[in-house]
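Peer 1: Read left to right, the sequence shown gives residues 849 to 918 (the numbering used here). One structure coming up, written as structure tokens, with questions to follow.
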Amino acid sequence: MLMVVNFCAQVVAALGYGQYFPWSVPALFSGLAGPDAGSPGLLGVSLVAIVGVAGMVATALWWCNADQDR
């Protein structure tokens with residue numbers, strides 16, 4: 849799964865939409881995407897934060913609603 853996300857992040861960044869794809873933003877921010885790649889800007893960083901918070905909320909809900917012996 850991680851390889852698929854990494855591949856998609858590279859393709860999306862190469863197409864010029866990396867600042868809108870949360871998994872491409874770290875490479876753009878650090879400069880690993882190259883000198884011609886755009887900066888992620890506020891929208892890109894916000895999308896990373898939104899995906900992170902959504903992941904934490906989904907994980908907490910999963911833990912609360914998982915089948916558990918009580």
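Virtual Cβ for every residue (Gly too), placed ideally from N, Cα, C.
Out of 872, 884 and 853, which one is the CA nearest neighbour of residue 891?
Peer 2: When each option's Cα is compared against that of residue 891, the closest is 872.
Peer 1: What is the rounded straight-line gap between the Cα of residue 886 and the Cα of residue 867?
Peer 2: Distance between the alpha carbons of residue 886 and residue 867: 7 Å.
Peer 1: Check whether the Cβ atoms of residue 870 and residue 893 sit closer than 7 Å, and answer yes or no.
Peer 2: Cβ distance not < 7 Å, so residue 870 and residue 893 don't count as in contact.
Peer 1: Give the straight-line distance between the Cα atoms of residue 851 and residue 857, rounded to the nearest whole angstrom.
Peer 2: Answer to the nearest angstrom: the Cα atoms are 10 Å apart.
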